[in-house]
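2 protein chains.
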Amino acid sequence: MSSRETKPHQSPALERGARILDIVARSRTFLSLSDLSRELKIARSSVHSLCQTLVNLELLIRRSDHTFQLGPHVMRWSNAFTLQSDVATEFAAIWDQETGLPGATITLTVQDGVEVVYIAARNSERSRTGMEFRVGMRLPAAFTATGKAFLSHMSDYEIRRLYAQGLPEARTPHSVRTVDNLLAELRDIRRDGYSCDEEQIAEGMVCFGATVLDSRNRPIAGVAVSLSMDAEAVAERGTIIENVLQMAARLSHRMGADLSAAAGGGGGGVGSPLQK
Amino acid sequence: MSSRETKPHQSPALERGARILDIVARSRTFLSLSDLSRELKIARSSVHSLCQTLVNLELLIRRSDHTFQLGPHVMRWSNAFTLQSDVATEFAAIWDQETGLPGATITLTVQDGVEVVYIAARNSERSRTGMEFRVGMRLPAAFTATGKAFLSHMSDYEIRRLYAQGLPEARTPHSVRTVDNLLAELRDIRRDGYSCDEEQIAEGMVCFGATVLDSRNRPIAGVAVSLSMDAEAVAERGTIIENVLQMAARLSHRMGADLSAAAGGGGGGVGSPLQK
């Protein structure tokens, strides 16, 4: 990703200003000029001048005890970010360049109760799953890889309530039949960080999925790779899962998720954060 | 407000970086380097170097057509802002310094269905309302100034549904008795930008209220001034309302509301934005 390359310092004042906001954002206590100067390892006078500018810009607020907290102006940017960033658009932007799965069938869904709705799909000739995913299509969440990933973010109690009337009708002999078996699958997903539909939607098709998180680290979309269950798929299983997790992490990061906070939180989400 | 004073430019690069983010945030289309250079009236090479830094910081994303959109890093700051900014704390910080109403009874509430809950209150000897507001206290939204301000953000349909069982029992002979009369009051509030409880909660007490908006410009709190209905209160009515509106605007701004966007939107909110 080009934005991660190490570049010569283009604008040190701008970088330092952003670092000050980062430090104030991460701190559990309100920091003073001296705290910031110590943390940044730069002279107090420089920190003073940067903080003064940030206060003028309302990016920082000076509290009555001379410590700092973040200012309201940051909300202007985050509201605009949310409007400008659309998970389906970001998905379309990455699906070819960086997936490492040229030609695989890749889908993006959102959850709607006991179903997932497909909001983007790249169907592949090569994956020969015999199934075409179309935008707007709905499938039972309990059987699909993305649906299972979503469900893994819910508690067992919520799952039992959601399926109080039982699971939907099986689509194949492999479709999960009981809530207890579904709960067992969800426990595996929380442990492994990815989900799997092995012939539960269509015979001969396997899908691997993971959830995309938003800026509050809540699931907003599910991403999955679908392929036919042949020898090649079985052999490449590890690589494919790694790729799905990377796509989910990249999309989550792009949507503003804080993957360092999400790591270790479990929940069928992003297993291998890309963050340094 | 000290942050609004015109200060010498402390860090031009930081100010320009923030301006670039502002322009990208406000634009309805995605802008190129040339667009930004024209807008900022600074050389393309300087804009290039600032944008490069902003891209490295993930505050901007360079799109495939070489235009820019906001980057995910802004969400780190906005999430921290939301955690650090508490409307009750901000309320306590401003209630004496800048209210222009030294000694008046000032209260802050949140809405909970058909009631308002008091989350902060400064009771005054001087206002002699004979009523003491305590944190945690609940009063019927339909009779209180802050409650009416909240209700004015709802549609007539929602109000009728909320009061499908009728209004609560009157507290004084002046308490509004019918949903139709309440709706008429709410229409006045939407038009005037402030709300009023004239002896509907307690005889001899008048309260003026307005809503505090959050960073999505939705009401999160109501602020009101309460005073006894004597000659002084009647004479100072205009000044008091102006002060309540200023407090609401200041608190809203502090909570990240975009008052320029809210202005003209109606809804019993902030009538006179402080923004330049």
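As they're listed, the protein sequences go chains A and B. So in this note's numbering, spot 232 of the first sequence is number 1527, and the numbers just go up one at a time. So in this note's numbering, spot 232 of the second sequence is number 1527, and the numbers just go up one at a time. The C-beta atom is built at its ideal place from N, Cα and C for all residues, glycine as well.
Quick one: does residue i have its CB under 8 angstroms from some CB of chain B?
i        : result
A1479(A) : no
H1448(A) : no
V1369(A) : yes
N1374(A) : yes
D1317(A) : yes
Q1305(A) : yes
L1345(A) : yes
A1459(A) : no
G1564(A) : A caution first: G1564(A) carries a pLDDT of 41, below 50, which makes its placement in the model too unreliable to give a value.
Mind checking which residues open and close the beta strand (DSSP E) that includes residue i?
i        : result
S1341(A) : Note, S1341(A): premise wrong, no beta strand (DSSP E); alpha helix (DSSP H) at R1339 to N1351.
M1432(A) : Per DSSP, M1432(A) belongs to no beta strand (DSSP E) and is neither H nor E.
R1371(B) : First-last for R1371(B): H1368 to Q1379, but that is the alpha helix (DSSP H), not the beta strand (DSSP E).
V1501(A) : M1500 to L1508
I1356(A) : L1355 to R1357
F1363(A) : F1363 to L1365
Would you please verify whether the beta carbon of residue i is less than 8 angstroms from any beta carbon of chain A?
i        : result
L1331(B) : no
L1546(B) : no
Q1406(B) : no
M1550(B) : yes
S1510(B) : yes
S1340(B) : no
L1354(B) : yes
A1437(B) : no
S1298(B) : Residue placement at S1298(B) cannot be trusted, given a pLDDT of 43 that sits under 50; what the coordinates show is reported in the next sentence. So yes, S1298(B) belongs to the interface.
A1313(B) : yes
Mind checking if residue i is an interface residue toward chain C, Cβ cutoff 8 angstroms exclusive?
i        : result
M1542(A) : No chain C is present in this structure, whose protein chains are A and B.
Can you give me the Cβ contacts of residue i inside the same chain, cut-off strictly under 8 angstroms, excluding the 5 residues immediately before and after it?
i        : result
M1550(A) : S1380, V1382, E1385, V1507, L1508, D1509, S1510 and I1515
V1539(A) : Y1489, F1503, G1504, A1505, V1518, A1519 and V1520
A1530(B) : none
A1528(B) : V1501, L1522 and I1535
R1456(A) : none
A1497(B) : T1424, G1425, M1426, R1466 and T1467
T1579(B) : Here chain B covers residues 1296 to 1571 and nothing more, so residue 1579(B) does not appear.
I1454(B) : L1446, V1474, L1477, L1478 and L1481
Check for me: the alpha helix (DSSP H) holding residue i runs from which residue to which?
i        : result
E1480(A) : V1474 to D1487
G1442(B) : A1440 to L1446
Q1541(A) : R1532 to R1549
T1400(B) : Not the alpha helix (DSSP H): T1400(B) falls in the beta strand (DSSP E), residues T1400 to D1407.
G1312(A) : P1307 to R1321
D1492(A) : It is not in any alpha helix (DSSP H) - D1492(A) instead sits in the beta strand (DSSP E) that spans S1490 to E1493.
V1411(A) : Note, V1411(A): premise wrong, no alpha helix (DSSP H); beta strand (DSSP E) at E1410 to R1417.
S1521(A) : Taken as a continuous stretch (DSSP letters only), S1521(A) belongs to no alpha helix (DSSP H), being part of the beta strand (DSSP E) at P1514 to S1523.
D1451(B) : D1451 to L1457
D1553(B) : Neither: D1553(B) is in no alpha helix (DSSP H) and is coded neither H nor E.
L1326(A) : Unbroken run through L1326(A): none, as it is neither H nor E.
V1382(B) : V1382 to I1389
Which chain B residues are close to residue i, counting only those with a beta carbon under 8 angstroms from its beta carbon?
i        : result
S1359(A) : A1388
Under 8 angstroms, do residue i and residue j count as touching if we go by C-beta distance?
i        : j        : result
L1434(A) : D1451(A) : no
A1308(B) : S1306(A) : yes
R1314(A) : L1335(A) : yes
F1438(B) : V1412(B) : no
V1409(A) : A1440(A) : no
I1318(A) : L1326(A) : yes
A1375(A) : W1372(B) : no
I1356(A) : Q1364(A) : yes
G1312(B) : G1312(A) : yes
L1354(B) : H1368(B) : yes
I1414(B) : L1403(B) : yes
V1430(B) : A1416(B) : yes
L1481(B) : S1447(B) : yes
S1332(B) : R1339(B) : yes
Going along chain B in order, which residues have a C-beta closer than 7 angstroms to the C-beta of residue i?
i        : result
S1555(A) : Near S1555(A) there are no residues of chain B at all, since even the closest Cβ is about 10 angstroms away, more than 7 angstroms.
L1365(A) : W1372, A1375, F1376 and Q1379
T1348(A) : Q1305, S1306, L1309 and E1310
A1320(A) : R1371, W1372 and A1375
Using a Cβ-Cβ cutoff of less than 7 angstroms, which residues in the same chain neighbour residue i once the five nearest sequence positions on both sides are dropped?
i        : result
M1524(B) : E1494, G1499, M1500 and V1501
A1444(B) : I1484, S1490, G1504, A1505, T1506, G1517 and G1563
N1512(B) : A1552, D1553, A1556 and A1557
Residues in its own chain within less than 6 angstroms of residue i by CB, not counting five upstream and five downstream?
i        : result
E1427(A) : N1418
E1310(B) : none
In chain A, what lies closer than 9 angstroms to residue i by C-beta?
i        : result
A1415(B) : Those do not exist, as A1415(B) stays about 17 angstroms from chain A at its closest Cβ, beyond 9 angstroms.
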